[in-house]
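To keep things clear, I will list the structure first and then write my remarks on it.
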Amino acid sequence: IKEGFQNVNEKKLSKALSLSSKLASTFNIDPDDEFLDDFSCWLLRDVLLQGHLYITKSFILFFAYLPKLTKDSTIFDGNLSTKRNYNSKLKLKLISQNPISSNNRYWCVLKNSTFSTFNNSSDLYFPLLTIDLRYAIRVEIIPNAPNIEDDQKPCWFRIFTETKTYKFKADNLYSARQWVAALKKQIFTARNKGDIVTVKLPISNLIDLEETSIFEDSETIRLKVLENSKTFAVDDYFFMFFHNGHNVINCINQALSLNNLPNFELSSGSTESSPVILSNSTIDDLIRSKNLSSILSSSRQIIPVEEKIQSLVSINRRQRALGFNISIDIDSDNDICNRDNRNEISEILNSGYEDSDVNEVESSNENDDLLTHKNRFLGNTGTKALQIINPKNLVKNMFVLNTLSNVSGMWTAEPSHYEEKNSLERGLEDEYFVASEIERKNSIRRFQSHFSLPEGEKLISTYYAHFQRNIPLYGKIYLGSNEICFRSLIPGTNTKMILPFNDIETCYKEKGFRFGIGYSGLVIVIHAHEELFFEFSSSESRDDCETLLLKQIDLLKNYNYRFNNYSFIINNNSGKEEEDIKLAESVNNQAEAARIKCFENKLNEETGFDLPIIIEDKKFKEKLKPNKNMHFTLLTIGSRGDVQPYLALGRGLLKEGHKVRIATHKEFEKVVLSNGIEFREVSGDPTKLMSFMGDHGGISVSFIKDGKALFSNWINELLESSWEACQGTDVLIESPSAMAGIHIAEALCIPYFRAFTMPWTRTRAYPHAFIVPEQKMGGSYNYLTHIIFETVFWKGISGQVNRWRKERLGLERTNLELMQQNKVPFLYNISPTVFPSPVDFSDWVKVTGYWFLNEGTDYIPTEKLKKFINKARRDKKKLVYIGFGSIVVNDPRELTRAIVEAVVDSDVRCILNKGWSGRNSGTAGDERKEEEDGEGEGEEEEALPACIYSSGSVPHDWLFFQVDAAVHHGGSGTTGASLRAGLPTVVKPFFGDQFFYGNRVEDIGVGVSLKKLNSRTLGRAIREVTTSKRIIEKARAIGEKIRKENGVETAIGIIYGELDYARNLILAK
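Going by full-length UniProt numbering, the residue at position 521 of the sequence shown is 521; the numbering climbs one at a time, nothing skipped.
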């Protein structure tokens, strides 16, 4: 090493020495081994794994860190369908029954090492099925399945585990590919018990080398290596390089020369060989091909290998696939790969071995010792005994009867303690401690198995109780180190609960609230969720559970506090450059994940197979992004609330290196340009639109009739100006209310997305935002409102649109069926906390989170405003914001008087934004400008009392964090801003989606929606939201959730992921 770095400076020499030291310790190689060179590269196995290749005199070494993910972080989620799986002939179907009913849709969540299904996206504590990916073998799109050739129709994929196969149906091929790619990554990561991947290939075992082309932007080297000197198993390794691939071959030849071995001489045409043709299934077709001779063939054709050797190769791969550290260290004894011995090796390899199908892994005798952790899948069983019973054994019937007869005994059973530390604290008084160490270990293992928990999870105690959910469910409570779990024990039920301590606010005892005197109940209060109720057989068991639960919650909170503060200290002292060499680093970032997904799509497009990518960060990071910077046009109409989310999305796309244009009304040109975004004008006056909507409130006969008479000419102008505004763009994202986008994208043959702030997609969960009933009418009614709106809306504009399509766009006439608007990828820029994704949404319909602009970061309040806020705090008065945006009202004076009387009567302080005043007059634009400039303060038509401050327009993301509650009109943006700040909210809707958000505020328990606004109703609502502890705590919890979201990054990731689908959807027309 030192001789090779004589001409470099001392700092580089120090780093080189550190690198050599790490290589020696990590790969256990001789410190005197000669280091030749290192290269950034990608390892092609089940996934495409980024890492680093090191070549020494004796070895080829690969090293990579696997990404470290936050505990319980969600990797991927969405809706999938499945069929019932009957593996039991028992009439009760309880032994091995999949709890998911036939052909129903469920919300599916992929986390670090688990894949779970739920009834809906808002009830994530009760999984119906959980697959532990540590014991999954592989995942694939089902070949030859129906609709596999039609990428617009539903597509099936399956997950193979040690004990069974699970099948799921995605909405189309693109969705199935995304699920398969995400699952492959997590299976690859989950079955590795460490954080690194290492491959150690002896130079002496290298049989052959071939340079091939996987896709056009890379050079790929395929190494054939003898894995074991005893079995003569051969394996192949694919390393992909984006630069310097030819130098790798030269370096390997240099190592061969140093070992007195012949070099590899590539044919002159080898560097331009045609790409490897791969099937449309998975990389397994490449790596696990049964025709090994075709895989191992090279320009040298040294070793002809028959299919029969595949069994040995498959066995080696299975052993690595089933839960071991992914660390490959090949035997190099006896210089077995000396080139003079290859013919002899070839004869040995061609000797008779039986072929072994990879699909038969679960029954392979070689892996019996690996299959000790079977049935780690929630939903398979009801009790621990079911875990070890053969599904074909008739003893199952006896077990059912025994379970029923033992319920009374278990009901009266005492608690069991498994944590020795807690028992030592209690001394001799702990009569519940399980003294047998073997029994404790077995109980902990079963606990981890039942709920697919990591091996480090501890079991503190267990209890038998009834869970009060719809009907009482008898079962067992498990108190772990990080969560409380419940498992029903009654045959025919399979309810399981996993509740993290971080989500628990508190717990308390309650007696007799359901079943009268003598009832020993425990209530668990959860952030932003309904309380959970458990009934115990005795107050002693209940009290013990409460004590230990509160203790674990406090321990976890104290740990999180210390950890966060320690992290803060570390971050503040991280300016010093780290001199030590790291072999690789990992990344977990939404924007990076989006770029990776885009790269995966490109790889699929150019090679024809799906290959998920695992990437590392920093020192050896390859920059992944779309293969070219694109031009996005964001088309929208309406008020400032309709435009502002697109400003946030536009800024996010600019950071990604793209060009962005917003096409909207002239009124918003200044604010668009101030954000560095290109502006194009489309026809329309927001004031007239708001006035019209305010006059009608929602969809009605008069709405359609008056709208057609008033806006017929404007629609023609809107269509024409939108067409002009979208010229020269690569991707179009539109608010569907703008009407023109789907036709423009078809004419320009560009990908098309929709994005909106209110329900616009058919679903049974929510009514259409413009047809919200006064009371809930059920799923059928909700779905019908969407069909009615689509039909009526299209009926009103179809004549003008079809004329425009034919005369201006050169397209044929269309209709609702031909437009296929329900297949368009759709982004809802709403928090999933406020708008949980319905299970009947197609997989291309995503709820991303709010797109916040964050204007308040640079805002400096006036002195008057600061003094008003400070005085309210000194007087210990609640501070309430009241403003109704840019709505139009018939009598602005009367509205102001009602607000003043309500504020005085409620004894609160109010920051008032009178945006509604004068909006009917011709001075609307001037008045709004004064408010935005902060010059409208104090210039009121009537004097306001001292408890009210007229602020004009102040950025919500600053102001809402200064107040205690908010009263507004229920626009999507304002609702999102108030809930992000954790504010109890009063909504007085006036038109459109405001009624929908008023209902959502009430449904999630964070405020009140007013049907009528007068001094009495407003005063009562203000008092309620400023004094109700339940509303205040609920709002605070939801605010914490929303602040953790990043809607813009999520949306960009979805755009990258759905880009090919959107493009093909347009081209298919």
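Idealized CB from N, CA, C, for every residue including glycine.
Remember, it's a predicted structure, so these values are computed and weren't measured experimentally.
Excluding the 5 residues preceding and the 5 following residue i in the sequence, name in chain order all residues of the same chain whose CB lies nearer than 7 Å to its CB.
i, result
"A24", "P31"
"C947", "V903, V904, R909, C910"
"K91", "Reliability fails at K91, whose pLDDT of 32 lies under 50, so the model's placement of it is uncertain and the value that follows must be treated cautiously. Around K91: no qualifying Cβ."
"F841", "N79, T761, T763"
"E483", "I498, L499, P500, F501"
"A872", "L879, R909"
"V839", "N79, R105, Y106, W107, N120"
If you measure between the beta carbons of residue i and residue j, is that distance less than 8 Å?
i, j, result
"Q962", "L1013", "no"
"V967", "I882", "yes"
"K458", "I471", "no"
"D843", "S175", "yes"
"E790", "L827", "no"
"P500", "L48", "no"
"F126", "K496", "yes"
"I637", "G650", "no"
"R134", "S116", "no"
"T814", "N802", "yes"
"E717", "A181", "no"
Can you list, in chain order, the residues of its chain with a C-beta nearer than 8 Å to that of residue i? Leave out the 5 residues immediately preceding and following it.
i, result
"G976", "I830, S831, V834, Y850, F852, I1042"
"S780", "R764"
"N259", "K57, S58, I203, S204"
"G1039", "L979, R980, A981, G982, L983"
Using DSSP's beta-bridge definition, name the partner residues of residue i.
i, result
"E210", "R222"
"E510", "G521"
"Y237", "L223"
"Q186", "Q186 is not bridged to any residue."
"A966", "Y881, T985"
"C545", "Paired residues: none, contrary to the question."
"D472", "Looking at the sequence provided, one finds Pro at residue 472 rather than Asp. Looking at the DSSP assignment, P472 forms a beta bridge with Q468."
"K169", "S81, W156"
"R754", "E734, F826"
Is residue i buried or exposed, if buried means 16 or more other CB atoms sit within 10 Å of its CB?
i, result
"E530", "exposed"
"Q775", "exposed"
"P491", "buried"
"M777", "exposed"
"Q178", "buried"
"S73", "exposed"
"D875", "exposed"
"E265", "exposed"
"T381", "Low per-residue confidence applies at T381: pLDDT is 33, beneath 50, and the placement is therefore not dependable, though the value from the model is reported in the following sentence. Its Cβ being crowded by 16 or more others within 10 Å, T381 is buried."
"K111", "buried"
"I252", "buried"
"D891", "exposed"
"G456", "exposed"
"A740", "buried"
"A943", "exposed"
"R1030", "exposed"
"G657", "exposed"
"C41", "buried"
"K795", "exposed"
Got a sec? Which residues, its chain only, sit under 6 Å from residue i by beta carbon, not counting five neighbours each side?
i, result
"E669", "F679"
"Y237", "L223"
"A898", "N1014, S1015"
"E219", "F241, G245"
"E419", "I460"
"R805", "H743, L811"
"A745", "L732, Y752, I1066"
"S837", "S121, V847"
"Y1061", "Y174"
message = Assess contact between the stretch 54-63 and the stretch 151-165, defined as three or more Cβ pairs (one per stretch) separated by less than 8 Å. Is contact present?
response = no
query = Three or more C-beta pairs closer than 8 Å, one from the stretch 1021-1041 and one from the stretch 1052-1066: is that the case here?
reply = no
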